[in-house]
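Have a look at the structure below, then the notes.
Numbering (full-length UniProt numbering), first residue to last: 1 to 202.
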């Protein structure tokens, strides 16, 4: 499955997705606490990779974070720009960010890597590592599972990851995972989050 396939699937349901999930009121309090505390520890600009309709970007911007959003779905970007005119949003993918090397203080990748085939995830992580300066931060949200496995996401195929396996990939990309979080909300797939620091300029 290509980025184009996922982008097309989300484009067809962008308004539906944005109306249902594209607001901070639709997010979990635990996620707001984690993302907010992480972002305020970051020094330098933050990029919300896979920003969708832009609600996390705007929420963090309103709290003083120097942040912009990037997404491969142009329909999402149009919604984000309309709803959050004070934020900067642009087109791009996790695997090919138009960002100078070591120019970011951090990257938020909140459920934006879940549709990447497992063999392609290291490419995206390497690109995030290229853009984040040593000492910068990475926060990844994902669906946690007992094994790496495809599942029928409501939009297009997604993948679950065991925390240990995803953490190992992130470490191998030039980061050090410092925190791991997991929980299962009623009626939802298990949730995982990993907080990492860029440790190498290689």
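C-beta atoms are modelled at their ideal positions from N, C-alpha and C, and glycine is treated no differently. Computed from a predicted model, the values in this text were never measured in an experiment.
Would you kindly work out how many angstroms separate the C-alpha atoms of residue i and residue j, rounded to a whole number?
i	j	result
residue 174	residue 74	30 Å
residue 110	residue 195	11 Å
residue 181	residue 158	20 Å
residue 27	residue 54	13 Å
residue 51	residue 151	22 Å
residue 153	residue 56	21 Å
residue 44	residue 165	29 Å
residue 32	residue 119	30 Å
residue 8	residue 47	23 Å
residue 188	residue 144	11 Å
residue 21	residue 14	10 Å
residue 184	residue 29	14 Å
residue 38	residue 90	23 Å
residue 190	residue 35	18 Å
residue 117	residue 72	16 Å
residue 128	residue 186	32 Å
residue 172	residue 147	19 Å
residue 40	residue 149	33 Å
residue 200	residue 42	17 Å
Could you give the C-beta distance for residue i and residue j, rounded to a whole number, given that I count them as a contact under 8 Å?
i	j	result
residue 68	residue 88	4 Å
residue 107	residue 138	5 Å
residue 140	residue 97	The pair is not a contact, with the Cβ atoms about 15 Å apart (cut-off 8 Å).
residue 121	residue 169	6 Å
residue 156	residue 115	6 Å
Please return the same chain residues whose Cβ sits closer than 6 Å to the Cβ of residue i, not counting the five positions on each side in sequence.
i	result
residue 102	133
residue 92	70 and 98
residue 59	24
residue 49	70, 94, 107, 109 and 112
residue 130	101
residue 76	14, 52 and 53
residue 66	45
Look up residue i in the DSSP assignment and say whether it is helix, strand or coil.
i	result
residue 95	coil
residue 182	strand
residue 152	coil
residue 46	strand
residue 29	helix
residue 193	strand
residue 18	helix
residue 188	coil
residue 146	coil
residue 241	Because the chain spans 1 through 202 in this model, residue 241 falls outside it and cannot be assessed.
residue 11	helix
residue 164	helix
Skipping 5 residues on each side, what residues in its chain have a beta carbon closer than 8 Å to that of residue i?
i	result
residue 197	135, 136, 137, 138, 175, 176 and 178
residue 123	95
residue 79	14, 15, 18, 22, 53 and 54
residue 104	44, 45, 46, 47, 131, 132, 133 and 136
residue 85	none
residue 61	67, 84, 86 and 87
Identify, in the order they occur along the chain, each residue of the same chain with its Cβ nearer than 7 Å to the Cβ of residue i, setting aside the five sequence neighbours on each side.
i	result
residue 142	111, 113, 114, 161, 166 and 192
residue 125	169, 170 and 173
Every unbroken beta strand (DSSP E) inside the UniProt domain "Methyltransferase" (46-136) [3 residues or more]: Whole beta strand (DSSP E) segments, 3+ residues: 46-49, 67-71, 89-91 and 104-110.
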